[in-house]
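Note that the working numbering has the sequence shown beginning at 96, numbered continuously upward.
C-beta: ideal position from N, C-alpha, C; glycine also.
Data first, discussion second: the structure below is written as structure tokens.
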Amino acid sequence: MKDSIRVPAQVLADRLNGALLDAGASAGSAASAVRALMHASRIGVDSHGARLVEHYCTVLRSGRLAGDPQLCVERRAAAAAVVDGGDGLGHHAAYRAMDVAVALAREAGVGAVGVVRSSHFGAAGAYAIEAARAGMVGFVTTNADSIVAPHGGATAFHGTNPLAFAAPSGGARPWLLDMATSSIPFNRVSLFRSLGLTLPEDVAADEGGVPTSDPQAVGMLLPVGGSDFGFKGAALAGVATIFSAILQGAVADHEMIRMVGGDDMKTPRGMGHFVLAIDPDRFGGQAVFEAGMQTYLAALRAAPARAGETVMAPGDREWRVEAERARGGIPLDPDTAAFLGLDGARTGVTVARKAGQ
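See the structure below:
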């Protein structure tokens with residue numbers, strides 16, 4: 096494994112913001128993107144964190160993304176709205192969409208918001224967690240360009256199509272699930288290439304559909320469940336496509352311009368997203384919900400564990416990583432560190448190799 100470079104969070108956030116502004120993003124768009132990227136980098140979702148900034152800068156400069164999009168919100172019903180992202184950074188549109196969903200839920204109990212004319216928005220959990228922080232249950236999904244084989248398929252069809260859920264836990268940290276419907280996100284393949292790591296078995300395949308653990312040979316990903324049980328992940332990918340694309344007339348996975356690796360870096364991709372906020376106060380009540388979450392999570396974490404294992408709730412690992420990184424800095428892969436101009440001589444960051452490597 097290559098050297099691990101650790102950077103203080105504020106130093107990293109400032110560099111990300113500067114890079115996006117230099118590439119033509121407006122202050123508001125850049126702030127939204129940095130907010131989402133730092134969410135991912137803080138909690139250990141490095142595939143969707145700071146390393147994405149180079150790509151975003153590339154497509155801002157090439158003209159695929161509008162640097163200063165004019166977001167438009169159209170309320171369609173008491174509990175439904177659509178946000179037009181103006182072909183800008185997807186983070187900007189997604190945060191606006193969740194703000195609208197929460198406001199609708201305050202009025203109607205539920206707020207469902209679609210997003211059209213958007214782009215890649217990083218980690219879906221960055222937006223779901225905003226609902227939880229507002230005391231609500233949040234759901235966020237998006238589809239993406241074809242990079243995942245359907246179950247039994249020899250070519251890519253679905254995107255990595257994440258599903259994210261968040262809920263107040265009755266404690267300091269929300270319950271948080273943010274998962275790709277592929278075995279791994281493709282950004283992790285890119286990260287492993289940069290770090291010189293080998294992929295786990297049965298998560299990816301080469302151009303011929305043959306499973307491989309070599310990140311350099313990957314031509315497509317496998318759905319959650321792998322070669323034998325991938326019908327589950329493939330069906331969940333379809334859920335994301337239905338909500339994000341088909342429901343609101345956005346672009347489906349197999350029709351979408353590739354995020355990376357294609358020749359066209361100028362045409363907007365027309366991505367769709369979907370966000371949902373649910374107010375527990377309109378159901379069993381906020382106090383009942385949070386008490387129930389506390390009881391449920393306590394019982395879950397107390398469940399007997401196998402030797403050497405710990406039973407955790409969704410989000411437990413992420414909050415532990417966040418605390419560790421608050422103390423020791425955020426690790427960056429060498430390619431991202433080089434792009435941002437981060438080195439020990441200029442920033443005081445630490446460069447260390449993991450034990451045993």
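Per-residue DSSP class, three states only, for residue i
i	result
L331	helix
T336	helix
V383	helix
T390	helix
V355	coil
P429	helix
A104	helix
A114	helix
S121	coil
L258	strand
A131	helix
L271	strand
A418	helix
A216	Before going further, note that residue 216 is Phe rather than Ala in the sequence given. Coil.
V406	coil
S285	helix
D438	coil
R412	helix
A189	helix
Q165	coil
V346	coil
T362	coil
G325	helix
V140	coil
R159	coil
A397	coil
Identified DSSP bridge partners for residue i
i	result
L294	Paired residue(s): none; L294 is not in a bridge.
A176	R170, V208
V243	H253, L316
H368	V210, T237
S277	P318
V232	I373
P306	A300
Nearest to residue i (by Cα), restricted to the options the options
i	options	result
G303	F324, P269, A251	A251
M351	R170, A203, T362	T362
P280	D240, R415, P375	D240
R353	N238, G403, A400	N238
A299	I242, V178, A219	I242
V355	M274, V235, G314, L272	G314
P375	R137, E202, A330	E202
V148	G181, G123, L116, D163	L116
P295	G365, M274, A126, L317	L317
V154	A114, S285, D438	A114
R171	A226, M231, V210	V210
V205	G403, L371, V346, R412	L371
A229	L392, E385, P399, V416	E385
H143	H186, Q165, S124	H186
A161	H215, A192, G220	H215
I337	G367, A267, G380	G367
A125	A108, V140, A218	A108
Neighbour-count burial assignment, residue i, 16 or more Cβ in a 10 Å radius
i	result
A340	buried
L342	exposed
T405	exposed
D323	exposed
V129	buried
G265	buried
G493	With the chain covering only 96 through 452, there is no way to say anything about residue 493.
F287	buried
M133	buried
R159	buried
E419	exposed
V305	exposed
F378	exposed
R110	buried
T236	buried
V102	buried
P399	exposed
CB-CB length for residue i against residue j, believed under 8 Å
i	j	result
G410	P310	G410 to P310, Cβ: 28 Å. No contact.
A176	V168	6 Å
D348	G254	5 Å
I100	P429	7 Å
A227	P263	5 Å
Residue i: CB within 8 Å of a non-hydrogen atom of the ligand PLP
i	result
S124	For the structure depicted, the ligand PLP is absent and the ligand set is empty, with no information on it obtainable.
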